[in-house]
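Numbering (full-length UniProt numbering), first residue to last: 1 to 491.
C-beta: ideal position from N, C-alpha, C; glycine also.
Okay, so here's the structure we're looking at.
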């Protein structure tokens, strides 16, 4: 029998606000010493009252808009009651039945047409972090609590069970991370815990529409781990069905080292979280004016921007993909190109393609070597790069000289005109400058001349090499080649 997997994802996204969801302390806890980024609310001290972070609400609305959700006009917070050491209050402030966003979708950028429906996007607060200390013989000796993370604004994005393969799961995660980073509302880094994903997985006979018993898989801290866990769990459940074993509704943890999932706890009976409306936070009214002002802050999203780069600037899909991977890169590219005074759309697109080559080539190489992510953080200003690109396109610099100039621009921030003048890197071209050099090379290389005249085209490269050597690599190669051919043709 052939089987089909049915997969839904629950993704927790930390929002990049300055303060916490309901308290006053900083939300930038990643590099802080344990238990130093706290306040009375996150410590759950008696008598404290939560105050909703307005920026977090706007960020939630922006995520909802980006994934085609409806925005609720009235939303509320609820208390989710359960006992665990990382939960300071004994309950978590979250949203149960009236989430801020609902009924959206994400179209996956893969060959087959796949639309993943979004059930809901709701707001909540993150919990503290447990640090488990292992003993010399293995096993946890004791656990420590770092309260810094408690109260950090958190979004949960819940999909419908619309995915069927690990490739679709990976595409969805990458798409959601891309959107979040483009909006600038979060880092979406799984490795640092600001983007956490749980997968609900079941299998059924192919062609069936009935949903079967699902298993929730947790403890996946990178995209590749999610992919491997999904693939393993699909294979495990298919093998269980074929051997007559009953699939139990449970939570399983992913062991990345062993490459297996392990049973953690049964979910045969629903957990009773005793939800009830948060009494200290009144329902939140989202006005039309607030929605409109938030929409006005929305940037052009990556897929739309990629399409525009291809249509407006004539870029290949490959170049457009690389340039729109980060919003900062796309912004930098457009700033370089916006000052172009091109005579035609063809010239404008030629300049854009040359710019893309520099950004995706030399700029990306040097940034990668230095560990720099944002192009705006380099010493090369968009205006300076535009000048270099134009000089290169007009053959005022050859390839080697242009690269030399760019490396100095990158390391020192010097203007390209200054570097060219200081190093004397202008291209040698025209009959007055290049003609005498070509004549001298022809006169001093009789064998190569005779070989070329005898039909050996490779001899032309030898003559060009001598011209480049005589000009220290600054000769215009196209003009030099044509000049050699013309002079030898007259013999």
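### Query
Can you pull the DSSP bridge partners for residue 123?
155
### Task
Kindly indicate which three-state DSSP category residue 77 falls into: helix, strand or coil?
coil
### Query
Short check: CB of residue 463 to CB of residue 448, under 9 Å?
yes
### Message
According to DSSP, simplified to helix, strand and coil, what is residue 252?
### Response
strand
### Task
Would you mind working out which of 197, 139, 193 sits nearest residue 159, comparing C-alpha positions?
197
### Query
If you draw a straight line from the alpha carbon of residue 27 to that of residue 265, how long is it in whole angstroms?
31 Å
#### Entry: CB of residue 8 within 9 Å of CB of residue 297, strictly
no
### Message
I need the boundaries of the alpha helix (DSSP H) containing residue 404, first residue and last residue.
### Response
399 to 412
### Message
For the structure I just gave you, are there three or more beta carbon pairs, one from the stretch 85 to 97 and one from the stretch 63 to 70, closer than 8 Å?
### Response
no
### Query
So residue 218 is in the beta strand (DSSP E); what residue range does that whole segment cover?
215 to 218
### Query
Can you tell me the Cα-Cα spacing of residue 77 and residue 274, whole angstroms?
14 Å
### Query
Under 9 Å, do residue 317 and residue 310 count as touching if we go by C-beta distance?
yes
### Task
Assign residue 137 to buried or exposed, taking buried as 16 or more other Cβ atoms, counted over all protein chains shown, within 10 Å of its Cβ.
exposed
### Three-state secondary structure assigned by DSSP to residue 361
helix
### Task
Assign residue 1 to one of two classes, buried (16 or more other C-beta atoms within 10 Å of its C-beta) or exposed (fewer than that).
exposed
#### Entry: Cβ neighbour criterion (16 or more within 10 Å) applied to residue 95
buried
#### Entry: Segment contact, 8 Å Cβ cut-off, at least three pairs: the stretch 274 to 288 with the stretch 233 to 249
no
### Query
Would DSSP call residue 266 helix, strand or coil?
strand
### Task
Excluding the 5 residues preceding and the 5 following residue 460 in the sequence, name in chain order all residues of the same chain whose CB lies nearer than 8 Å to its CB.
452, 481, 484, 485
### Closest residue to residue 219 among 183, 262, 413 (Cα-Cα distance)
262
### Query
Is residue 295 near residue 157, with beta carbons less than 9 Å apart?
no
#### Entry: When 201, 199, 176 are compared against residue 189, the one with the closest alpha-carbon
176
### Task
Can you tell me the Cβ-Cβ gap for residue 405 and residue 425, rounded? I've got them flagged as a contact below 8 Å.
6 Å
### Query
Comparing alpha-carbon positions, which option in 210, 208, 253, 212 lies nearest residue 229?
253
### Query
Under a three-way DSSP split, which group does residue 377 fall into?
helix
### Query
Is residue 332 near the ligand SAH, with its Cβ less than 8 Å from a heavy atom?
As far as ligands go, the structure on display features none, and thus does not contain the ligand SAH.
### Task
Find out if the Cβ-Cβ distance for the pair residue 203, residue 3 is shorter than 9 Å.
yes
### Message
Report the start-end ranges of each alpha helix (DSSP H) in the stretch 431 to 489 that is 4 residues or longer and not cut off at the edges.
### Response
446 to 453, 458 to 470, 477 to 489
### Message
Once DSSP output is grouped into helix, strand and coil, what is the label at residue 332?
### Response
helix
### Inter-stretch contact (C-beta, 8 Å, three-pair minimum) for the stretch 97 to 104 and the stretch 117 to 125
yes
#### Entry: DSSP state of residue 283 mapped onto helix, strand, coil
coil
### Message
Helix, strand or coil for residue 164? Go by DSSP, reduced to three states.
### Response
coil
### Query
Which one of 45, 109, 186, 288 has the shortest CA to CA distance from residue 71?
288
### residue 202 - containing beta strand (DSSP E), residue span
195 to 205
### Message
For residue 178, count the other beta carbons within 10 Å of its own beta carbon; 16 or more makes it buried, fewer makes it exposed. Which is it?
### Response
buried
### Query
Near residue 335, what residues of its chain come up, given a Cβ to Cβ distance below 6 Å and the 5 sequence neighbours on each side ignored?
382
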